[in-house]
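In full-length UniProt numbering, the protein residues as written are 1 to 331.
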């Protein structure tokens with residue numbers, strides 16, 4: 001196994017304070033590995049970075065079309081949203097259209113990450129509900145697919161028709177048999193794969209055409225929906241939303257424990273990376289560096305500068321250091 005490589009560093013007082021290591025792969029839609037760092041065969045849990053894979057059966061099966069889902073809803077099905085009123089309200093209306101309720105979700109409750117909605121709940125003395133869960137859009141997609149397939153209410157069970165469809169799509173697009181699965185924060189199965197398999201899947205999305213077969217058309221629509229509605233994929237102030245707004249047609253998605261993927265249709269390339277210590281700012285810096293080097297993200301854009309070669313300041317606004325990508329980590 002090849003060792004992970006240095007990807008991001010924190011410098012303070014002219015000295016190197018911390019180094020974050022990782023693995024990364026860039027794949028072309030023709031299956032070629034364009035560039036790799038560390039071990040492309042490192043097996044990881046993609047966590048939420050693979051939500052577009054989990055949403056593939058929703059579109060490919062015809063369920064999305066049968067229920068009239070919009071691109072905004074499809075972007076939300078791939079989201080780790082902030083639980084803002086925009087997100088929770090959209091999921092609530094989606095469930096109502098299915099004649100379902102918030103209680104039909106199986107993702108669990110947590111306080112919204114969106115400060116405005118969080119503060120509203122606190123002022124009103126209200127508890128968050130499952131609509132605020134960052135994965136509620138994905139689960140609304142699962143419920144839509146479940147309605148189409150005719151499964152029972154427990155759509156997260158590993159042998160449920162919904163999860164069987166997700167696993168089949170996941171393994172076919174990564175072109176790997178998953179060695180196993182873990183349970184994600186939202187209680188859904190999360191299938192393991194290699195970085196190369198995950199990058200291969202993102203390259204498939206990047207090369208997918210509207211005049212291709214059902215799976216290609218589904219992948220093209222999901223990638224386009226994410227790029228067109230970045231506010232639904234994450235939320236204000238967050239890397240996915242800000243960086244997608246700074247680019248043209250690129251879809252990207254973070255996953256817990258510092259996983260990142262990107263879909264570059266104009267390059268017909270997919271990227272997957274993992275910071276081994278789970279440091280999310282390092283993953284944000286690393287993906288931004290690759291996107292800049294590949295010519296799809298402007299290094300001078302404010303969204304980029306907040307994550308790439310970012311100056312660190314303390315509570316008094318005094319500069320304390322700089323967080324940057326490591327020398328040699330370029331595309």
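All residues carry an ideal CB built from backbone N, CA and C; glycine is no exception. Owing to the predicted nature of the structure, the values given are computational and were not obtained by experimental measurement.
Q.
Please list the terminal residues of the continuous beta strand (DSSP E) segment that includes residue 274.
A. 269-275
Q.
Using only CA atoms, which one of 108, 317, 259, 318 lies nearest to residue 20?
A. 259
Q | Outcome for residue 337 when other beta-carbon atoms lying within 10 angstroms are tallied against a minimum of 16 | A | Since the first residue of the chain shown is 1 and the last is 331, residue 337 is not available in this structure.
Q. How is residue 158 classed by DSSP in three states: helix, strand or coil?
A. coil
Q) Can you name, in chain order, every residue of its own chain whose Cβ lies under 6 Å from the Cβ of residue 168, other than the five neighbours on each side? A) none
Q) Where are the alpha helix (DSSP H) runs, 4 residues long or more, that stay fully inside the region 73-161, in chain order? A) 85-97, 115-124, 136-149
Q: Could you check the C-alpha separation between residue 336 and residue 188 for me, to the nearest Å?
A: Nothing can be reported for residue 336, as the shown portion of the chain is limited to 1 through 331.
Q) Bridge partners of residue 189, per DSSP? A) 183
(Q) In whole angstroms, give me the CA-to-CA distance for residue 41 and residue 2. (A) 9 Å
(Q) I'd like to know whether the C-beta atoms of residue 286 and residue 273 end up nearer to each other than 7 Å. (A) yes
Q: Could you please give the first and the last residue of the uninterrupted beta strand (DSSP E) stretch that includes residue 323?
A: 319-325
Q. Does the count of Cβ pairs from the region 190-200 and the region 118-127 closer than 8 Å reach three?
A. no
Q | Alpha carbon of residue 74 to alpha carbon of residue 14, nearest angstrom | A | 46 Å
Q.
Using the Cβ count rule (16 or more neighbours within 10 Å means buried), how would you classify residue 134?
A. buried
Q. Can at least three beta-carbon pairs, one atom from the region 226-235 and one from the region 160-179, be found at a separation below 8 Å?
A. no
Q. Alpha carbon to alpha carbon, what distance is there between residue 117 and residue 87?
A. 10 Å
Q: Assuming residue 48 and residue 253 form a contact by the criterion Cβ under 8 Å, report the distance between their Cβ atoms to the nearest whole angstrom.
A: 7 Å
Q: Take every Cβ of the region 125-132, pair it with every Cβ of the region 56-66, and state whether three or more of those distances are shorter than 8 Å.
A: no
(Q) If distances are taken between C-alpha atoms only, which option among 243, 317, 139 comes closest to residue 291? (A) 243
Q) For residue 163, which of helix, strand or coil comes out of DSSP? A) helix
Q | Integer Cβ distance of residue 249 from residue 218, believed to fall under 8 Å | A | At roughly 17 Å, the Cβ-Cβ gap does not stay under 8 Å, so residue 249 and residue 218 are not in contact.
Q: Please classify residue 193: is it buried, with 16 or more other beta-carbons within 10 angstroms of its beta-carbon, or exposed?
A: buried
Q: Helix, strand or coil for residue 168, going by three-state DSSP, please let me know.
A: helix
Q: Use the C-beta contact count for residue 237: other C-beta atoms within 10 angstroms, 16 or more gives buried, fewer gives exposed.
A: exposed
(Q) What does the Cβ neighbour count give for residue 284, buried or exposed, with the cut at 16 atoms within 10 Å? (A) buried
Q: Pick helix, strand or coil for residue 16, following the three-state DSSP scheme.
A: strand
Q.
Rounded to the nearest angstrom, what separates residue 105 and residue 52 at their Cα positions?
A. 19 Å
Q. When burial is assigned at 16 or more other CB atoms within 10 Å of the CB, is residue 82 buried or exposed?
A. buried
Q) So, are the CB atoms of residue 206 and residue 29 less than 7 Å apart? A) yes
Q) When burial is assigned at 16 or more other CB atoms within 10 Å of the CB, is residue 296 buried or exposed? A) buried
(Q) With a threshold of 7 Å on Cβ separation, who are the neighbours of residue 16 within its own chain once the five nearest residues in sequence on each side are excluded? (A) 9
Q. Looking only at its own chain, which residues have a Cβ that is under 6 Å from the Cβ of residue 23, when we skip the five neighbours before and after it?
A. 4, 38, 39, 42, 195, 274
Q) In the DSSP assignment, what residue or residues form a beta bridge with residue 35? A) 26
Q: Inspect the beta-carbon positions of residue 264 and residue 289 and report whether they are closer than 7 Å.
A: no
Q. Taking Cβ positions, are residue 139 and residue 107 nearer each other than 7 Å?
A. yes
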